[in-house]
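Taking our numbering, the leading residue of the sequence shown gets 1, the next gets one more, and so forth.
Where a beta carbon is used, it is the ideal one built from N, C-alpha and C, also for glycine.
Predicted model only: the values in this text are computed from it and were never measured.
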Amino acid sequence: MVFTTSGSLNVYDGFRFKYIHRKTSDIHPLKKYDGHYRMYQSEDSLLWIKDAQKLMCVDLHQEEYLSDLGKYFKQRGINEEVEDFFVDSEQRWWCLTAEGLLQYDTSELLEISDNIGRLQDLASDKDHLYLFYNTGAVVCYDLKTKAKSYVESAYPVDEQAHFSNTSLVVKGNDGFFQLRNGSKGGFFFFDPQKRSWEKWLETEYTLNTLVVAGDGRAYISCTNGFWVIDRKKGDKQYFPNLKTVNGSTIHTEVSTLFFDKQGGLWLGTFNRGLLYHHPSRYKFVHIGRTYFPESSVNDVIVQSFAEDAFGNIYLRTETEFYQFKALEASGYNLLPVSRDLLPNQVFEKLNEDTRQVFQGHSYPAFHMDGRGWKWLGTPDGLKLVRPEQQEEQMFFTEDGLSNNFIHAILEDRQHHLWITTSYGLSKVLVDSVNENIQFINYNSLDGTLEGEYADGAAFEARDGTFILAG
């Protein structure tokens, strides 16, 4: 995956970022392009980047910029100056020159001089090429005959100034979505079967970028948050703020949006970094500091849990007691409870010392699993004592643990262990045949805590729900 910021480009391989350096010679002039940052990928693993009157190209295999694109084009038979550059949904190159629009792989030239306005974008399907102009018109050509088929305008002449500056076209399942900006922002859809336009959104502010999800919904970033538009259902939703997994709210401009192949939504912001969302990735619900009434004046550390005879769950912080409530409509709630209203058994459980003593040593976490194996959490690694073996076994981050400081251990109903640490959560899987041990780790991107967990602050409710705290 490639991330770009002002003047820099980073390649992320799933583990680390690599910065790709750019030289002045890597920038090719593109005098007919007046738009903003735009990226295309062609089938030869080339990443093309356009910015206002500039063109750059990165070889993703070599992880380096191509120098002297003018020479590169001439070596491929393009001798005219390239004034604008496009890659369509079939990953074909199209070069705008003074003579017309050149299709690179066939070297065929499309004569477009009689079209009115400035070419801003193009798109294609199997048999047709669609050219989008700053006038709001789309001009359709037959790719086999190169003949012009029709011209359709998105809006009348007196509205052209509203949307004439920039264009971003994204192909959908049954047509083309277009984002336009001028003195206003506009979002349109063109249906090539009906040869008709639909206007879905008009704003007094700039609309930044557009992506279309697999379900056909359009996501549009803007100066505050983003829009989600479902054309099939006729729904429009505006999200001016972003809520993070810890309950905090972010007010910022969303500069760009991107869906990865796993359906995850990446949001690049103006001043709050990179954000990520995936509806199935959040396996954990994060009940953050903002849920605690005391959090406005004190740090909050959850120290223990207890459950009464009716299945009500209570927790203790350094200064308060709470009852934990799961709400069907709005998620979760924490209700302060005074000491005199706590059942005695609950109060005693909440104040138990969670440290365990084994063979004369005290451990912050101890658990004997269904196999009779003893797991001991230490400040430096996870210790395993198997009754059939003489030697103890230690596990560290190099073995797969998310962190070496162990705070609590729980076993689920499938006999998997869950280990809370000072950085993240580890799930322990034991192979039922060869008894090999492996770890699966979860961090704040999955909805777990961002900081460290507290000693012994792990609890399984009667319904099998785990509550892990710090």
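Check each candidate in the options and name the one with the smallest Cα separation from residue i.
{"i": "D68", "options": "H28, K32, M39 and W93", "result": "H28"}
{"i": "Q414", "options": "T421, L47, K427 and D142", "result": "K427"}
{"i": "Y33", "options": "S167, H21, Q345 and L449", "result": "S167"}
{"i": "Q356", "options": "A408, D26, S221 and Q303", "result": "A408"}
{"i": "E152", "options": "Y141, T145 and D88", "result": "Y141"}
{"i": "V156", "options": "V139, T135, A52 and S107", "result": "A small fix is needed here, since residue 156 is Pro in this sequence, not Val. Of the listed residues, the one whose Cα sits closest to P156 is T135."}
{"i": "C222", "options": "T256, S304, Q303 and K144", "result": "T256"}
{"i": "K471", "options": "P387, L131 and Y276", "result": "Outside the shown range of the chain, which is 1 to 470, sits residue 471, and nothing can be said about it."}
{"i": "Y133", "options": "R118, L143 and D127", "result": "R118"}
{"i": "K233", "options": "P240, F258, S42 and A218", "result": "A218"}
{"i": "Q178", "options": "D121, V385 and F347", "result": "D121"}
{"i": "D215", "options": "G263, K374, E435 and T106", "result": "G263"}
Residue i lies in the beta strand (DSSP E); which residues open and close that run?
{"i": "Y314", "result": "I313 to T317"}
{"i": "Q414", "result": "First-last for Q414: undefined, no H or E at that position."}
{"i": "L66", "result": "Careful: L66 lies outside any beta strand (DSSP E) and carries neither H nor E."}
{"i": "E198", "result": "S196 to T203"}
{"i": "T206", "result": "Note, T206: premise wrong, no beta strand (DSSP E); not H, not E."}
{"i": "L101", "result": "G100 to Q103"}
{"i": "I220", "result": "A218 to C222"}
{"i": "Y130", "result": "H128 to Y133"}
{"i": "V58", "result": "K54 to D59"}
{"i": "W373", "result": "W373 -> no beta strand (DSSP E), and no H or E assigned at all."}
Got a sec? Which residues, its chain only, sit under 6 Å from residue i by beta carbon, not counting five neighbours each side?
{"i": "F3", "result": "N10"}
{"i": "K383", "result": "L376, E392 and M394"}
{"i": "Q237", "result": "V228"}
{"i": "S176", "result": "Note that residue 176 is Phe in the sequence shown here, rather than Ser. Hits under 6 Å: A123, V169 and F190."}
{"i": "L275", "result": "L267"}
{"i": "D26", "result": "M56, Y65 and S67"}
{"i": "D127", "result": "L143"}
{"i": "H277", "result": "L265"}
In the structure shown, what three-state DSSP assignment does residue i receive?
{"i": "T249", "result": "strand"}
{"i": "E320", "result": "coil"}
{"i": "G451", "result": "coil"}
{"i": "F270", "result": "coil"}
{"i": "E392", "result": "coil"}
{"i": "Q359", "result": "coil"}
{"i": "Q160", "result": "helix"}
{"i": "L445", "result": "helix"}
{"i": "R231", "result": "coil"}
{"i": "T397", "result": "helix"}
{"i": "L30", "result": "coil"}
{"i": "S107", "result": "coil"}
{"i": "S167", "result": "strand"}
{"i": "T483", "result": "No answer is possible for residue 483: it lies beyond the span of the chain, which begins at 1 and ends at 470."}
{"i": "T378", "result": "strand"}
{"i": "R38", "result": "strand"}
{"i": "R180", "result": "strand"}
{"i": "T4", "result": "strand"}
{"i": "D431", "result": "coil"}
{"i": "L143", "result": "coil"}
Does the Cβ of residue i have 16 or more other Cβ atoms within 10 Å, making it buried, or fewer, making it exposed?
{"i": "M56", "result": "buried"}
{"i": "G456", "result": "buried"}
{"i": "P364", "result": "buried"}
{"i": "N344", "result": "exposed"}
{"i": "H61", "result": "exposed"}
{"i": "H448", "result": "Sequence inspection shows Thr at residue 448; the His mentioned does not correspond to that position. When all chains shown are included, T448 counts as buried."}
{"i": "V87", "result": "buried"}
{"i": "D44", "result": "exposed"}
{"i": "N271", "result": "exposed"}
{"i": "S338", "result": "exposed"}
{"i": "A454", "result": "buried"}
{"i": "H367", "result": "buried"}
{"i": "F310", "result": "exposed"}
{"i": "T145", "result": "exposed"}
What first and last residue would you give for the alpha helix (DSSP H) that runs through residue i?
{"i": "G70", "result": "L69 to Q75"}
{"i": "L506", "result": "Any property of residue 506 remains undetermined from this structure, which presents the chain solely from 1 to 470."}
Excluding the 5 residues preceding and the 5 following residue i in the sequence, name in chain order all residues of the same chain whose CB lies nearer than 7 Å to its CB.
{"i": "K349", "result": "A306"}
{"i": "G182", "result": "A161, H162, F163, S164 and N165"}
{"i": "Y12", "result": "M1 and F3"}
{"i": "E99", "result": "E80 and L109"}
{"i": "K18", "result": "N10, V11 and E63"}
{"i": "N403", "result": "T397, T421, S422, Y423 and G424"}
{"i": "G372", "result": "P387"}
{"i": "C95", "result": "I78, V82, F85, L102 and Y104"}
{"i": "K184", "result": "H162, F163, E202, T203 and E204"}
Please work out which residues of its chain come closer than 8 Å, Cβ to Cβ, to residue i, disregarding the five sequence neighbours upstream and downstream, and give them in chain order.
{"i": "K243", "result": "T249 and I250"}
{"i": "A52", "result": "Y33, D34, G35 and H36"}
{"i": "L429", "result": "H416, I437, Q438, F439 and I440"}
{"i": "Y314", "result": "F305, A306, E307, D308, F321, Y322, Q323, F324, V337, L342, V346 and L350"}
{"i": "S330", "result": "Bear in mind that a pLDDT of 48 at S330, under 50, signals an unreliable position, so the number given afterwards is only what the model happens to contain. So no residue of the chain qualifies."}
Within the 8 Å Cβ cut-off, does residue i reach chain D?
{"i": "H361", "result": "Of the protein chains in this structure there is only one, and it is not chain D."}
Below 7 Å, is the gap between the Cβ of residue i and the nearest heavy atom of the ligand SAH?
{"i": "Y141", "result": "Looking at this structure, you won't find the ligand SAH or any other ligand, since it has none at all."}
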